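Notes for the one structure printed next.
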Amino acid sequence: MSTRRFAVLAIAVSLLIAGALSWYASSSPDGLEHVAETTGFHQSAETHAAETGPLAGYATRGVSDERLSGGVAGVLGVAATGLVMGGLVVVLRRRDRSGATGPQA
Amino acid sequence: MHVPDGFLDAPTSIATAVVAAGGVAAAIRGTRRDLDERTTPMAGLVAVFIFAAQMINFPVGAGTSGHLLGGALAAVLAGPWLATLALTVVLILQAFLFADGGITALGTNVLLMGLVGVWTGWLVFRAASHLLPRRLTSVAPAAAIGALVSVPVAAAAFAGLFAIGGQADIPVVAVLTAMVSWHLLIGIGEALITALVVGSVVAVRPDLVYGARPLLGARPLEIRQGVTP
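These protein sequences, in sequence, are chains A and B.
At position 3 of the first sequence the residue is numbered 2 (numbering that gives the first Met the number 0), and the sequence of numbers has no breaks.
At position 119 of the second sequence the residue is numbered 118 (numbering that gives the first Met the number 0), and the sequence of numbers has no breaks.
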């Protein structure tokens with residue numbers, strides 16, 4: 000399998016998970032939330048500063064269908080993560096190469 | 000395990016942010032050795048996959064769920080330095096775009112998942128790799144062991160921070176016991192997902208798996224022995 004094909008496959012799997020399968024995720028509190036509730040420190044949690052953001056809580060504001068709202072948020076998150084991490088490693092690699100000898104693809 | 004704002008007091012949150020910033024700076028230096036034509040695409044793909052996988056909470060019983068943290072997975076696939084950066088990018092986007100994990104708790108979350116989770120997963124993976132047979136089929140089980148251990152260790156680290164700067168008067172032992180026992184269960188899910196993903200990548204492109212490099216270094220010799228008459 001070529002690297003390009005591998006990358007396309009990995010991105011497709013990630014989009015499928017974030018865009019569609021995430022709908023079937025458990026909505027129970029996670030381990031930390033559960034422990035906070037049972038031991039009693041959950042009340043110290045504060046309202047999130049970005050609570051009113053357009054994608055807060057993995058829901059897309061303005062999209063009324065809940066399944067679509069979550070799926071769009073997931074797809075946008077995958078795109079944002081890919082752009083930021085991809086951009087970061089490209090910049091870091093350019094840094095590494097500057098001053099290095101020999102051309103590279 | 001995304002810590003919201005308010006669980007830890009300001010001095011503790013600031014201290015964890017300083018430690019996290021130092022860890023990320025070290026990771027940016029550390030990637031100098033690791034970034035090549037294999038790890039560069041892998042680092043981006045790992046970050047994307049972890050973001051996606053963290054959207055899926057799986058039930059672990061008694062009305063509780065967990066999701067992949069991805070520290071061991073990222074470290075085995077892309078190396079621990081790039082793994083720390085990948086987890087940091089995911090946590091920053093989750094905090095600012097998705098309101099998942101507090102903004103004042105961002106340093107805490109990077110410390111717990113991007114440093115403790117990644118490096119525990121990586122070091123346990125390395126130790127397990129030394130104990131298991133030296134072959135490619137050992138990479139996924141070793142990664143799973145790293146994943147299994149990394150989650151309760153990160154949970155224990157949270158309890159440690161809570162002991163220092165918890166904003167509620169709760170016995171630390173109760174928090175530690177509950178955190179570690181629930182996250183041991185979540186760690187089993189983490190181990191299964193990590194084994195599945197690492198095993199799949201090893202099956203199709205073992206050369207892209209950072210943690211499999213020591214094994215691949217020895218492989219050309221074996222092939223030559225088989226081919227040369």
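Backbone N, C-alpha and C fix where the C-beta goes; we use that ideal spot for every residue, glycine too.
Just so it is clear, the structure is predicted and the values come from calculations on it, not from any experiment.
Nearest chain A C-beta to residue i closer than 8 Å, yes or no?
i: Asn56 of chain B; result: yes
i: Pro40 of chain B; result: yes
i: Pro229 of chain B; result: Residue 229 of chain B falls outside the range modelled here, since chain B spans only 0 to 228, and no answer is possible.
i: Gly165 of chain B; result: yes
i: Arg212 of chain B; result: no
i: Gly106 of chain B; result: no
i: Arg223 of chain B; result: Only weak support is given to the placement of Arg223 of chain B: the predicted model assigns it a pLDDT of 49, under 50, and the question is left unresolved by the model.
i: Leu84 of chain B; result: yes
i: Val138 of chain B; result: no
i: Val47 of chain B; result: yes
i: Ala24 of chain B; result: no
i: Ala156 of chain B; result: no
i: Gly69 of chain B; result: no
i: Val203 of chain B; result: yes
i: Ala51 of chain B; result: yes
i: Leu76 of chain B; result: no
i: Gly62 of chain B; result: yes
i: Leu160 of chain B; result: no
i: Leu215 of chain B; result: no
i: Leu191 of chain B; result: no
i: Thr30 of chain B; result: yes
i: Gly21 of chain B; result: no
i: Gly292 of chain B; result: Residue 292 of chain B lies beyond the residue range present for chain B, which begins at 0 and ends at 228; the question has no answer from this structure.
i: Leu195 of chain B; result: no
i: Ile13 of chain B; result: no
i: Ile27 of chain B; result: yes
i: Leu72 of chain B; result: no
i: Leu207 of chain B; result: yes
i: Leu44 of chain B; result: yes
i: Leu147 of chain B; result: no
At which residues does the beta strand (DSSP E) containing residue i begin and terminate?
i: Val59 of chain B; result: Phe57 to Gly60
i: Ser64 of chain B; result: Thr63 to Gly65
Using 8 Å for Cβ pairs, my map puts residue i next to residue j. What's the rounded Cβ distance?
i: Val2 of chain B; j: Leu31 of chain A; result: 7 Å
i: Ala127 of chain B; j: Ala139 of chain B; result: Actually they are not in contact, since the Cβ atoms of Ala127 of chain B and Ala139 of chain B sit about 11 Å apart, beyond 8 Å.
i: Phe5 of chain A; j: Arg37 of chain B; result: Incorrect: roughly 10 Å between the Cβ atoms, too far for contact.
i: Leu86 of chain B; j: Gly113 of chain B; result: 4 Å
i: Asn108 of chain B; j: Gly120 of chain B; result: Rounded, the Cβ-Cβ distance is 16 Å, inconsistent with contact.
i: Ile185 of chain B; j: Ala49 of chain A; result: Actually they are not in contact, since the Cβ atoms of Ile185 of chain B and Ala49 of chain A sit about 25 Å apart, beyond 8 Å.
i: Ala14 of chain B; j: Ser43 of chain A; result: Contact flag wrong, Cβ pair sits at about 18 Å.
Chain B beta carbons: is any one of them nearer than 8 Å to that of residue i?
i: Asp29 of chain A; result: yes
i: Ser97 of chain A; result: no
i: Val34 of chain A; result: yes
i: Val83 of chain A; result: yes
i: Val7 of chain A; result: no
i: Ala11 of chain A; result: no
i: Val71 of chain A; result: no
i: Val88 of chain A; result: yes
i: Gly101 of chain A; result: Only weak support exists for where Gly101 of chain A lies, its pLDDT of 46 falling under 50; the value from the coordinates is given anyway. Output row for Gly101 of chain A: interface = no.
i: Ala19 of chain A; result: no
Which residues mark the beginning and the end of the alpha helix (DSSP H) in which residue i is found?
i: Thr38 of chain B; result: Thr38 to Ala52
i: Glu50 of chain A; result: Segment: none, Glu50 of chain A is in no alpha helix (DSSP H) and carries neither H nor E.
i: Thr33 of chain B; result: Contrary to the premise, residue 33 of chain B reads as Asp rather than Thr in this sequence. Ala9 to Asp33 is the span of the alpha helix (DSSP H), which, as asked, contains Asp33 of chain B.
i: Arg96 of chain A; result: Glu65 to Arg96
i: Val201 of chain B; result: Val171 to Val203
i: Val62 of chain A; result: Looking at the DSSP string, Val62 of chain A is not in any alpha helix (DSSP H), and its letter there is neither H nor E.
i: His33 of chain A; result: Gly30 to Thr38
i: Gly165 of chain B; result: Element bounds for Gly165 of chain B: n/a, residue is neither H nor E.
i: Thr2 of chain A; result: Thr2 to Gly18
i: Leu215 of chain B; result: Arg212 to Leu215
### Query
What residue ranges within the region 76–134 of chain B form continuous alpha helix (DSSP H) runs of no fewer than 4 residues, ordered along the chain?
79–96, 105–108 and 117–130
### Task
Identify each residue in the region 111–135 of chain B for which the Cβ-Cβ distance to at least one residue of chain A is less than 9 Å, and report them in chain order.
none
### Message
Short of 7 Å Cβ to Cβ, which residues in the region 52–69 of chain A face chain B?
### Response
Gly52, Leu54, Ala55, Gly56 and Tyr57
### Members of the region 162–187 of chain B that neighbour chain A once the beta carbon cut-off is set at 7 Å
Gly165, Gln166, Ala167, Ile169, Ala173, Val174, Ala177, Met178, Trp181, His182 and Ile185
### Message
So if I threshold CB-CB distances at 9 Å, which residues from the region 86–102 of chain B count as touching chain A?
### Response
Val88, Val89, Ile91, Leu92, Gln93, Ala94, Phe95, Leu96, Phe97, Ala98, Asp99, Gly100, Gly101 and Ile102
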